[in-house]
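Chemist:
There are 6 protein chains.
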Amino acid sequence: MYIRKSKLQYHAKPEKSNPIIARRLQEILGGQWGETTGMLAYTLQGWNTVGNEKYKDLLLDTGTEEMGHMEMLATMINDLLRDAPTDTIEELARNSDPATAAILGGMDPQHAFVNGLGAGLSDSNGNPWSANFIISSGNLLADMRFNVVRESQARLQVSRNFLQTEDKGVRDMLSYLMARETQHQLQFLKACEELEEKYGPVVPHGTQDLQKQGKEFTHTLYNFSEGEASQALEGETARDGNKFHYSSDPIMAGGEPDLTAAPEILRNTPPEDPSTAVEEGRRMLEGEQNTSK
Amino acid sequence: MYIRKSKLQYHAKPEKSNPIIARRLQEILGGQWGETTGMLAYTLQGWNTVGNEKYKDLLLDTGTEEMGHMEMLATMINDLLRDAPTDTIEELARNSDPATAAILGGMDPQHAFVNGLGAGLSDSNGNPWSANFIISSGNLLADMRFNVVRESQARLQVSRNFLQTEDKGVRDMLSYLMARETQHQLQFLKACEELEEKYGPVVPHGTQDLQKQGKEFTHTLYNFSEGEASQALEGETARDGNKFHYSSDPIMAGGEPDLTAAPEILRNTPPEDPSTAVEEGRRMLEGEQNTSK
Amino acid sequence: MYIRKSKLQYHAKPEKSNPIIARRLQEILGGQWGETTGMLAYTLQGWNTVGNEKYKDLLLDTGTEEMGHMEMLATMINDLLRDAPTDTIEELARNSDPATAAILGGMDPQHAFVNGLGAGLSDSNGNPWSANFIISSGNLLADMRFNVVRESQARLQVSRNFLQTEDKGVRDMLSYLMARETQHQLQFLKACEELEEKYGPVVPHGTQDLQKQGKEFTHTLYNFSEGEASQALEGETARDGNKFHYSSDPIMAGGEPDLTAAPEILRNTPPEDPSTAVEEGRRMLEGEQNTSK
Amino acid sequence: MYIRKSKLQYHAKPEKSNPIIARRLQEILGGQWGETTGMLAYTLQGWNTVGNEKYKDLLLDTGTEEMGHMEMLATMINDLLRDAPTDTIEELARNSDPATAAILGGMDPQHAFVNGLGAGLSDSNGNPWSANFIISSGNLLADMRFNVVRESQARLQVSRNFLQTEDKGVRDMLSYLMARETQHQLQFLKACEELEEKYGPVVPHGTQDLQKQGKEFTHTLYNFSEGEASQALEGETARDGNKFHYSSDPIMAGGEPDLTAAPEILRNTPPEDPSTAVEEGRRMLEGEQNTSK
Amino acid sequence: MYIRKSKLQYHAKPEKSNPIIARRLQEILGGQWGETTGMLAYTLQGWNTVGNEKYKDLLLDTGTEEMGHMEMLATMINDLLRDAPTDTIEELARNSDPATAAILGGMDPQHAFVNGLGAGLSDSNGNPWSANFIISSGNLLADMRFNVVRESQARLQVSRNFLQTEDKGVRDMLSYLMARETQHQLQFLKACEELEEKYGPVVPHGTQDLQKQGKEFTHTLYNFSEGEASQALEGETARDGNKFHYSSDPIMAGGEPDLTAAPEILRNTPPEDPSTAVEEGRRMLEGEQNTSK
Amino acid sequence: MYIRKSKLQYHAKPEKSNPIIARRLQEILGGQWGETTGMLAYTLQGWNTVGNEKYKDLLLDTGTEEMGHMEMLATMINDLLRDAPTDTIEELARNSDPATAAILGGMDPQHAFVNGLGAGLSDSNGNPWSANFIISSGNLLADMRFNVVRESQARLQVSRNFLQTEDKGVRDMLSYLMARETQHQLQFLKACEELEEKYGPVVPHGTQDLQKQGKEFTHTLYNFSEGEASQALEGETARDGNKFHYSSDPIMAGGEPDLTAAPEILRNTPPEDPSTAVEEGRRMLEGEQNTSK
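Protein chains in written order, with full-length UniProt numbering: chain P, 1 to 293; chain X, 1 to 293; chain F, 1 to 293; chain Y, 1 to 293; chain H, 1 to 293; chain W, 1 to 293.
Spelled out as structure tokens, the structure:
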């Protein structure tokens, strides 16, 4: 069960409006790696976690915090949109200056016409947030690794936004988000370390016997592209203690595909004379037993 | 530029047809974490990589290999579908037995009616593959971490499929895929190690000065959910050498959101008397200068 | 800012596992009208609301409650999946009985192979949740009406699920959800009443002067389909106090569309002789000034 | 069966071309709440309606009218695009002025490069129209409420577009659309009134006995967010004649979630010692009967 | 403007209910190549066509007819769903027989729980119809070719459904749809013939001078895959009267990609020493002029 | 199995950076008809082809070539983005000129903030590539026709881009792509000719007996739209040698839809007195046998 507190976790007030920054921040609110992704991924993983209370709690702590980050971003996007131009397009053209032209071109039209100058739940190109962006697999190491990626990509996007604005209010909030994403990267990396120590570095654990044995399969980089720069891996030590090999000429062990045709009833292009297919269809229409299919 | 070799990288021949397994394998071919995701993510990252030839080559080697894995899966799905029931639905009902009933319910109808008993590019629920599933950020550490996740989630799904079939042909191919995903997890983990050593564990590098300083921001887990199990993190050492802190009672530093209203022209619900909005609209219709907006 | 409480708002424990019910409940968790839609729609509307504290608070109360309902559903879906068959497909076929066949066909394969028998964030056909499902327009009456729909469609789906299971635990939770959806329908209907009273029944307020005047436009049902049953509306009183009219033969006031051709440079099919287009292209290649475009 | 008439329902001719307005109007043609949504939602509902001829006819009348509105918008978008700049990007840069810059930034590139300066079936950000936007539930009250929302959100968007252009032709058509959306809101509100009178205000009818009894469940607003502004609802009369209650401190009636682990074969992170999982996998490989799962 | 006639274009009454057939027919109503695709593609193309009245009219005739086909399918899907099992899942399990098991597994759960046993606007796997499926390019030859594909894929799917049911009512309607798709394939093929005769076989016309001259580029099949079976094309006559060539060994004319690094401000992985990036960030924070970027 | 060659198939180097062109080229890389669509459609069709080695090889040759074209486009997009403005938005506003304003508005913000000035796998509006764009049906004629469309729409878009830039490097590459798309259109047209000769012009073959006989169904254009311009088809010869007919007044052969109501348990709006529904629900709750459903 959840409770909302009235105060924000941190300040979210820009110095002034700027609809282009508002559009950019949509990526961080509703994009592939935005706060919505963090909130719903960690929370769903937390709800699905069985036992492992330490990690379950960590996931729920962080998922809930991201809900607060979503709120900060939505709040700031509102402020950034407040002075967006709402004159007629013709008036804007008559008085046009480059700055207005940039805003007209660069702001998200849905901010004005769909959301009434409020935040949407989409990215900087207006793509709606999608559960395609998240995973909850039941395997904590696989999912903690995903969470490290979410925090890495998000912090990268936040830093790019930070460096491309001078607004002290926007920078202050982004600076705070970066700090939190430092913590979140480090905590999820820590969870990965612990889980790797317990279950080994290869997900999923307990399945090494299920796979093709021999290091030519499990520890060899095949050179499928012409360059040999990746050969640098040769002899390096893998996380599981074994050495990597490099094979400059991958073997084709499988032979050529050798498919048999689908039944004629599907009207695929047949490998042979198609006339029988017509017969078959006619028989069916006439209610005959169709035995040859 | 790419060249196709006629032979498969490995065997891909089931012992017998089974349309339910075919549907399950679609997840591994065209699902969120399937081979298509690996192929297009690694390849696009490789094309976008500047300098760093060792990693560029590694990405292109592996992306190209995944193209071959897609081919193996598509080939096997064809074979698994060959004896799918194509009798009339009424005939199947008349002769129905539980095994046929399971197939009727459990196979993907698009395999028969859209793809002519061939492979599609969708997951086990028929969702089309989407570029929502991939990322190429320009930051190699962020992307290599994503690649580790791709291999982890994929190997997890492959092992689940392995353990839920007895078909020796399917198992043989899945066993091979698992071996390759062992290599790929280990190689991308290795790249992460090297990149972390060079740039530090927090993505992106060179931005530590941009964030809110003080370990209360960057190394503190806030307890946003009631349980205290996550407190176990307290005092543990983070990947960057610092200690984690734990704060059981997160501070609300931001005050309450305090928004001003959007211009009346947007017809949002106003905080005040709406009568002026009508006035404004009428003036515009009459061509008067609208100065109060 | 948000806080998670450890206890659920209500019981969420089925009598026994049933993966088909688990799949059905995904619709209520992650479908078009599910709890995720309620949570994110109301919450985003609440964050975007300016002034109107009574409604802002109502939206945030209810959005936060739905977060708790998501948790209840995710928890129950876990339990419903616990005894899902994980034998090999061949073993299941050997021992097959109709009940197992139904489960094999009717359960969501992603529950097993993607989510590890945990909840996903998708609907009963595996479509990922999408922000296409929500709206925050800035106009409270428009959005409160949406919220009434969300609660109506959700309660309809919940009741259908209630009536098609006998599991006392599932029924108990669904019964609770229905009760809450009664409250939520009634509260959002109340908000609509109040907002209609203040701003009039037609969204948006303050724009009646902007529209084509005359009741032949604003209060007339045009009979675009052959039947005349809809004529029953004639003479009925509309919410704004005026009478409805009925026009059995809609006027075509607009004339035929009369388009001019797009510039030839676009290589649309031209209305005239295409030879000039070739000329134009050749001139451009030769660096001539292209004046005729 | 449907017939197309050659003339438009109303004028659709702008004074002059303006590709930015063309992009904005895409929202009204192919966006979440656009005419396509109205056309397909009402029509599908109409086709699915059984008995209730008055409403079936109303739905089909209005759905068919929206098809004509789609045509008007597509026609106007063509005209608005006719003078879109098709010079080379370099030529535009050489002669650039702010107005051209705004158009370059603000027009939809797909209008030129995909649609040949014709209309697309997407919104103002280029998102394709999706059946995610519509519903046909079989319950007329639930669906009529949806239809009221469609008309409300659409009229809101149309008014925003009206107020942000001076083009008399565009305004004339938008003014007509607003008038029709006044009628459609009022007619669907009327249908809601009648259906509520017959079946009660809570969807679906006939299910009050299925829900948790007691007004603490069905008529109580729980205060899940800190503010108390929503307490204003206390004592107000709900649409069903009962009074609302307000509970400032929601009860957690459900206890903590208490999940059991999924079978080890799924390779979820186990709550206990994982060694048995390896055993299990090995046994399966060796063809042993797997009884412990 | 459009008018609906009350009668269907053709009979649409199954002999008896069958929810599995209902699900299959969703592919033909709302799938990638279904009637919705035909209706909206041809209609949008028709609206966008300038001049060329013969083709504009043909497109609008056929698009309008498809609207009637959608209606026939939606009507039949309703009938096919009428006796879908609505007992409790437990009751169905108790009395289960293979036929019921097949239905439980094979029917679309959204038909029951979302649509109230009415038609949806999605395909046989529940994917919502998407405007991703259609095109209107402004070039009639390109679009008429698309229309031929739509009719070809649709008739293929209809025939597969025809052959896999014995229901005389379903067969009668599908037989009619196949006949109409014969006409539509032939009419669009005819339009292609005429447009090819006028503009040449290569879309778009009037651009042959814009492309790399020399038959080694325009009439040569490069052998990018190992097999030589495609060499059969060598010497065959292309639609434009020229002969095809075959090149067994494709030339790599382009050299290796040679990218320069993106600006450091983006925090991509740099090719050189990253220390300067930190400097740059610090300078920006301190308000210094950032000149080196 | 696939191998990557280090060199590009053709030059891909622009004269100078231009982020607006980069955005436009995304349509050709990752849009509905872009190279990704070609690569994955032809390749999947090739993998699924049984027998018919000539066409299987042709598909795999061309699919593999498109992989190389994707690489050329991704490479060029990188170069076109290299000088994209990365100053702060405020700095850009201070120094703003129309050219910069156009870039700010016209470039894809995800290029900078998500992809680090590298290529994405999306179209010119940022929509992610989707497998909705491709088909592999098992019927070669249906699919070869699709492939002709892919090449036609792609070449149309390439020519539009060619004509709207002066950059010699961009033009050189686009000119090469156009030449290859000439070859690919012609080769797929050739395949269509051969397949039509063998199987007849109507897809699928062998099903003429399954359809409603009589030329009033199979060779008649029905005039569903008021204009008579399409009557020009009357008497023309169809590809199968028969003459077309024209019917100016389409017959409604099907009668009015006549649906029966869904079971009351679904809580659809009933055609009759709803009181029984309440009864039914109460009985179920009380555990009575529900016989009337």
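Every residue gets a Cβ at the ideal spot worked out from N, C-alpha and C, and that includes glycine.
Helix, strand or coil, according to DSSP, for F/Y10 in the structure here?
Modeler: coil
Chemist: Tell me, to the nearest whole angstrom, how far the beta carbon of H/S122 is from that of H/G30; I am working on the premise that it is less than 8 Å.
Modeler: 5 Å
Chemist: Between the Cα of F/G68 and those of P/T100, P/G51, P/I3, P/F113, spot the shortest distance and give me the residue it belongs to.
Modeler: P/I3
Chemist: By the 10 Å Cβ neighbour count, where 16 or more other Cβ atoms means buried, how is residue 294 of chain P classified, buried or exposed?
Modeler: No answer is possible for residue 294 of chain P: the residues shown for chain P start at 1 and end at 293.
Chemist: Is it buried or exposed for H/T64, if we count other Cβ within 10 angstroms and need 16 for buried?
Modeler: buried
Chemist: What would DSSP say about W/L221, mapped onto helix, strand or coil?
Modeler: strand
Chemist: Is it buried or exposed for X/S248, if we count other Cβ within 10 angstroms and need 16 for buried?
Modeler: exposed
Chemist: How big is the Cα-Cα spacing for H/T43 and P/L117?
Modeler: 34 Å
Chemist: Run down chain F in chain order and give the residues with a C-beta less than 7 Å from the C-beta of X/I21.
Modeler: I89
Chemist: What residue from W/A41, W/I20, W/S159 has the CA that sits closest to W/F133's CA?
Modeler: Of the candidates W/A41, W/I20, W/S159, the one whose C-alpha sits nearest the C-alpha of W/F133 is W/A41.
Chemist: Is DSSP giving H/S152 helix, strand or coil here?
Modeler: helix
Chemist: Answer yes or no: does any C-beta atom of chain P fall closer than 8 Å to that of X/T86?
Modeler: yes
Chemist: Below 8 Å, how does it come out for the stretch 95-114 of chain W and the stretch 152-168 of chain W: are there three or more Cβ pairs, yes or no?
Modeler: no
Chemist: By how many angstroms is the C-alpha of H/P263 removed from the C-alpha of W/D87?
Modeler: 10 Å
Chemist: So, for Y/D167: in the same chain, excluding its five sequence neighbours on each side, which residues have a beta-carbon less than 8 Å away from its beta-carbon?
Modeler: P14, E15, K16, N18, I21
Chemist: Distance check for F/D97 and F/P109, CA to CA, integer angstroms please.
Modeler: 19 Å
Chemist: Should Y/R94 be labelled buried (16 or more other beta-carbon atoms within 10 Å of its own) or exposed?
Modeler: exposed
Chemist: Pick out whichever of P/L163, P/Q208, P/I135, P/I77 has its Cα sitting closest to the Cα of W/A112.
Modeler: The candidate whose alpha carbon is nearest that of W/A112 is P/L163.
Chemist: In chain order, which continuous runs of the beta strand (DSSP E) of length 3 or greater are located wholly inside the stretch 241-266 of chain P?
Modeler: 245-247
Chemist: For X/R160, which residues in chain Y fall below 9 Å Cβ to Cβ?
Modeler: I265, L266, R267
Chemist: Taking the beta carbon of W/K198 as the centre, do at least 16 other beta carbons fall within 10 Å, making it buried, or is it exposed?
Modeler: exposed
Chemist: When you compare only the Cα positions, how much space is there between W/S152 and W/R23?
Modeler: 21 Å
Chemist: Given 8 Å as the limit, is there contact between the stretch 209-218 of chain P and the stretch 172-181 of chain X, that is, 3 or more CB pairs closer than that?
Modeler: yes
Chemist: Could you name the residues that DSSP lists as bridge partners for H/P271?
Modeler: Answer by DSSP bridge pairing: none, since H/P271 is not bridged.
Chemist: Report yes or no: do three or more beta-carbon pairs, one from the stretch 47-57 of chain Y and one from the stretch 140-150 of chain Y, lie closer than 8 Å?
Modeler: Between the stretch 47-57 of chain Y and the stretch 140-150 of chain Y there are three or more C-beta pairs closer than 8 Å, enough to call the two in contact.
Chemist: Can you tell me where the alpha helix (DSSP H) holding P/I21 begins and where it ends?
Modeler: 19-30
Chemist: Residues of chain P with a CB under 9 Å from the CB of X/I135: which are they?
Modeler: Q32, W33, V149, Q153
Chemist: For F/K5, which residues of its own chain have a beta-carbon under 7 Å away from its beta-carbon, when the five flanking residues on both sides are left out?
Modeler: none
Chemist: Find out if the Cβ-Cβ distance for the pair H/F244, H/L259 is shorter than 8 Å.
Modeler: Not a contact, by the Cβ cut-off of 8 Å.
Chemist: Just verifying my parser: in three-state terms, what is the DSSP assignment at Y/K293?
Modeler: Residue confidence is low: Y/K293 scores 34 on pLDDT, short of 50, so the model does not pin down where it sits. No coordinate-derived value is stated.
Chemist: Rounded C-beta distance between W/I28 and W/N161? I'm assuming under 8 Å.
Modeler: Yes, W/I28 and W/N161 are in contact; Cβ-Cβ is about 7 Å, under 8 Å.
Chemist: State the CB to CB distance for the pair P/N147 and P/F188, rounded to an integer number of angstroms; the pair is presumed to be in contact (CB under 8 Å).
Modeler: 4 Å
Chemist: Using a Cβ-Cβ cut-off of less than 7 Å, give me the residues of the stretch 2-20 of chain X that come near chain W, in sequence order.
Modeler: Along the stretch 2-20 of chain X, going in chain order, the ones with a CB nearer than 7 Å to a CB of chain W are Y2, I3, R4, K5, K7, L8, Q9.
Chemist: Anyone know if the C-beta pair for W/T62 and W/H184 falls short of 8 Å?
Modeler: yes
Chemist: Beta carbon of X/T182: closer than 7 Å to some heavy atom of the ligand ZN?
Modeler: Inclusion of the ligand ZN in the displayed structure is not the case, the ligand content being empty and no account of it being possible.
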